[in-house]
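Quick note on numbering: my numbering labels position 30 of the sequence shown as 251, and the sequence is numbered without any gaps.
Positions of the beta carbon are idealized from the N, C-alpha and C atoms, including for glycine.
All of these numbers come straight from a predicted model, not from anything done at the bench.
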Amino acid sequence: MSTSTESLERVRNAGLMERYHISLTELGFDTCVVAPATYSSSHPAVSLDRSTVLRALKRVVLAHPALFVQHGGKHDKKPYFTRLPQVDLNDVLTYATDLTASIEEIVNAELQKPFSRSTTKPLWRVTVRTDNVVVFAWHHSIGDGGCAQSFHAAFLTALNTKSGAEETDESTVVAAPDKLVIAPAIEERTNISVSFKTACGTLYGSFAPLAFQPLRKAWTANPISKEPHLQIETRIRMIDPNTSRELVALCREKKSTLTGFMHTLALFVLSHHLAVLEKETPGKKQKYKTFSTVVPISLRRFTGTSPLDLCDQVTIYHTFPKITRDIPQFPPTKETFPWQTASDYATSLHANFKKSCEVIGTINFIYRLGISKSYFLDHLGQKRETTLVLSNIGAMPKLKDLGEKQRDDGALWQFDNVGFGQNDNVISSAIKLNMAGSPSGAISAVYNWGQNNIDTGLVEAVIADIHNSISTILAE
C-alpha cells in the first residue's frame with residue numbers, strides 16, 4: 222500500500238473548525254483527544270478478550286465513516302479528507318495485559334502522542350486492558366470532545382449485539398464502504414456569517430498592541446513557551462452519582478447550570494489562591510483584574526447532527542470574568558457561594574449560543590488572508606490568551622439501541638466513568654477542565670495543563686479545593 226494519501230479518493234474538503242485543528246497538529250501545537258471508560262459485564266467471569274474487542278471494533282468502524290479517513294493536502298492550502306480503502310485493526314488496537322499504570326497515567330501518555338497525517342493509517346487508536354478499561358484517542362479534526370460519548374456508545378452497542386453468520390472472518394482488516402459520507406462541516410449546515418462589529422473586534426484583537434486590549438488585565442499564568450512542547454499533566458477526579466444528582470438539583474434550585482456553577486467555583490478557588498500568593502509578596506501591586514475564560518459550545522443543536530455521530534462541530538464563548546478580591550469565607554458554603562454570579566454566567570452562555578457561530582466565521586479570516594501559519598507561530602513567546610477552558614459535554618445521550626442484548630455468551634455489557642482530556646496546551650489555556658456524564662450519573666472531571674504553562678503545585682491545590690468546596694456546599 223502506498224504511504225501517501227494524495228492519490229486516494231477525496232471525501233470532502235476540511236471545514237473551518239476541522240482545518241483549525243489540522244493546522245494546530247501540523248505545527249506541533251496539538252495532539253489528540255482521549256476518552257477513557259471502564260466496562261463491566263453482567264457475568265463477572267466474562268472479560269474483554271482480544272477476539273471480543275476485534276469483533277466489536279469491526280462494527281464500530283463500519284458504523285462511523287470518520288474512522289476510515291485521513292488527511293490530504295497542506296494544512297494552510299485547503300486540506301481535505303481522503304477515504305482509506307481499508308483499516309487494519311492491528312494498526313489501531315493496543316491490547317494490554319500490563320495493569321500497573323493507572324487510567325490517569327494511560328490518558329496522560331496517550332495525550333502526548335500526535336497522529337501522523339498523509340499516511341494510510343487512520344486518525345484514531347484504542348487501548349483495551351484485561352481489566353476492561355477502554356481508552357479511545359482520536360484526531361480533533363474527526364471529532365470534538367463530545368465524541369467521547371459517541372465512541373463509547375458505539376462500542377457498547379457493538380459489544381451487546383449478537384454475532385451474525387457473516388462475522389466468522391478472523392481477519393483484522395475492515396474494508397471501507399464504497400461510498401464514504403462523513404458528517405458535514407459546520408458552515409454547510411448553519412449560518413456562520415460575521416457581523417461588522419464582530420469582524421472589527423476580531424481584527425482589533427489580532428493586531429492591536431496588548432496594552433490596548435482587555436487581555437492586558439487578565440491573569441493567564443505563564444507566557445507561552447518560545448518553543449512548542451507537548452508535555453502535559455493530567456488529573457482525573459470523579460463525582461459519584463449521588464453527589465452529582467444533589468449538585469445538579471442544587472444548581473437548578475439556584476437558577477444556574479452545572480457549567481455555570483463549575484466555572485464560577487473554579488475561578489472563585491483560583492482567586493483565593495492568587496490572593497494568598499499576593500499576601501506572600503507584600504507591596505506587590507494587584508496588576509491583574511480579570512481572568513480570561515472559554516467554554517466550548519456544541520453546534521449540533523444547529524447543524525442537526527446526531528449526538529452519537531463523530532464530528533467536529535464546536536465553537537466557543539469567551540469572557541473576562543473579574544477576579545474575586547473579597548472572599549469572606551473559604552471554602553464557600555451553600556450560603557456564601559456566589560450563586561448569582563453562577564446564574565448570570567449560565568444565562569449569558571445560553572444567550573450567546575447562536576451568536577457563537579460567528580467565531581467559526583472569524584477563523585476564515587486567517588485562511589482567506591493566507592496568514593494562518595504566521596498567525597499561530599506569532600503566539601509563541603507571547604502572553605497566554607486564556608486562563609481556563611471549561612468543557613462540559615453533559616449527560617450521556619439516551620441510547621435507544623443497545624443491540625439485541627443477546628450476546629453469544631449471554632452477558633450484557635455496560636460502561637461507566639467515561640471522561641475525556643485534550644492536549645492543545647501550547648497556545649491554549651493555562652488549565653483545562655473537561656467534564657462528562659456517565660450512564661450511572663457519575664461525572665468525570667479531567668484536568669489538563671501543559672508543563673511550564675502554570676505551576677503544578679498551584680493547579681493541584683486548586684483541584685483539591687474545587688472538590689472540597691463541592692463537599693462543603695452540599696454538606697448543609
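Can the beta-carbon of residue i be found less than 8 Å from the beta-carbon of residue j?
{"i": "Val490", "j": "Ile324", "result": "no"}
{"i": "Thr485", "j": "Ala563", "result": "yes"}
{"i": "Val313", "j": "Arg346", "result": "yes"}
{"i": "His296", "j": "Ser244", "result": "yes"}
{"i": "Glu579", "j": "Val415", "result": "yes"}
{"i": "Ser649", "j": "Ala657", "result": "no"}
{"i": "Val255", "j": "Val349", "result": "no"}
{"i": "Thr478", "j": "Thr514", "result": "no"}
{"i": "Ser465", "j": "Gly662", "result": "yes"}
{"i": "Leu609", "j": "Leu679", "result": "no"}
{"i": "Ser446", "j": "Asn353", "result": "no"}
{"i": "Ile403", "j": "Leu237", "result": "no"}
{"i": "Trp359", "j": "Cys253", "result": "yes"}
{"i": "Phe554", "j": "Ile694", "result": "The question names Phe, but residue 554 is Thr in the sequence shown. Cβ distance < 8 Å, so Thr554 and Ile694 count as in contact."}
{"i": "Phe289", "j": "Ala397", "result": "yes"}
{"i": "Lys438", "j": "Lys510", "result": "yes"}
{"i": "Pro517", "j": "Ser612", "result": "yes"}
{"i": "Gly640", "j": "Val683", "result": "no"}
{"i": "Tyr241", "j": "Ile584", "result": "yes"}
{"i": "Leu451", "j": "Asn644", "result": "yes"}
{"i": "Val647", "j": "Pro462", "result": "no"}
{"i": "Thr321", "j": "Thr351", "result": "no"}
{"i": "Ser263", "j": "Leu601", "result": "no"}
{"i": "Leu248", "j": "Leu598", "result": "yes"}
Hey, out of the options, whose CA is closest to residue i's CA?
{"i": "Gln635", "options": "Lys299, Leu495, Val355", "result": "Val355"}
{"i": "Thr411", "options": "Thr524, His264, Leu531, Pro559", "result": "Thr524"}
{"i": "Ser272", "options": "Thr393, Glu326, Leu248, Thr303", "result": "Thr393"}
{"i": "Gln672", "options": "Pro300, Glu230, Thr351, Asn443", "result": "Asn443"}
{"i": "Ala572", "options": "Leu275, Ile537, Asp645, Gly582", "result": "Ile537"}
{"i": "Trp670", "options": "Lys576, Ile694, Ile453, Phe357", "result": "Ile453"}
{"i": "Lys604", "options": "Leu332, Trp440, Ala277", "result": "Trp440"}
{"i": "Ala287", "options": "Val232, Ala696, Leu570, Lys575", "result": "Val232"}
{"i": "Pro343", "options": "Val497, Leu305, Val515, Asp365", "result": "Leu305"}
{"i": "Val282", "options": "Leu310, Pro265, Ser262, Thr318", "result": "Leu310"}
{"i": "Ala369", "options": "Thr246, Leu278, Asp530", "result": "Asp530"}
{"i": "Gly642", "options": "Glu331, Pro549, Ala496", "result": "Glu331"}
{"i": "Leu520", "options": "Tyr301, His285, Gly366", "result": "Gly366"}
{"i": "Phe586", "options": "Ala266, Asp637, Arg473, Cys421", "result": "Cys421"}
{"i": "Pro542", "options": "Asp270, Ser492, Val469, Leu451", "result": "Ser492"}
{"i": "Val497", "options": "Arg456, Ser527, Phe551", "result": "Phe551"}
{"i": "Asp637", "options": "Ser527, Asn644, Asp645, Met617", "result": "Met617"}
{"i": "Glu230", "options": "Lys400, Leu275, Phe250", "result": "Lys400"}
{"i": "Lys418", "options": "Gly582, Glu556, Thr526, Gly602", "result": "Gly582"}
{"i": "Phe512", "options": "Lys475, Glu474, Pro435", "result": "Pro435"}
Residue range of the alpha helix (DSSP H) that residue i falls in?
{"i": "Gly481", "result": "479-500"}
{"i": "Phe376", "result": "368-380"}
{"i": "Val683", "result": "677-695"}
{"i": "Val328", "result": "324-331"}
{"i": "Arg410", "result": "407-410"}
Beta strand (DSSP E) containing residue i: first to last residue?
{"i": "Pro517", "result": "514-519"}
{"i": "Val647", "result": "Note, Val647: premise wrong, no beta strand (DSSP E); not H, not E."}
{"i": "Ile664", "result": "664-671"}
{"i": "Ser362", "result": "From DSSP, Ser362 is part of no beta strand (DSSP E); its letter is neither H nor E."}
{"i": "Thr315", "result": "314-317"}
{"i": "Leu611", "result": "609-613"}
{"i": "Leu598", "result": "Here Leu598 belongs to no beta strand (DSSP E); instead the alpha helix (DSSP H) covers 593-598."}
{"i": "Ile652", "result": "652-658"}
{"i": "Ala404", "result": "Element bounds for Ala404: n/a, residue is neither H nor E."}
I'd like to confirm the pairing. Which residues does DSSP put opposite residue i in its beta bridges?
{"i": "Thr303", "result": "Arg231, Gln291"}
{"i": "Glu454", "result": "Trp670"}
{"i": "Leu460", "result": "Residue identity check: residue 460 is Ile in the sequence provided, not Leu. Bridge partners of Ile460: Ile664."}
{"i": "Asp637", "result": "Thr259"}
{"i": "Thr348", "result": "Thr315, Val356"}
{"i": "Asp530", "result": "In the DSSP output, where bridge partners are listed per residue, Asp530 has none listed."}
{"i": "Ala396", "result": "Gln307"}
{"i": "Gly422", "result": "None, per the DSSP bridge assignment."}
{"i": "Ala181", "result": "Residue 181 falls outside the range modelled here, since the chain spans only 222 to 697, and no answer is possible."}
May I have a chain-ordered list of the alpha helix (DSSP H) segments no shorter than 4 residues that lie completely inside the segment 237-274?
237-247
Complete alpha helix (DSSP H) runs within the segment 536-591 (minimum length 4 residues, chain order)
Within the segment 536-591, the complete alpha helix (DSSP H) segments at least 4 residues long are 560-572, 578-589, listed from N- to C-terminus.
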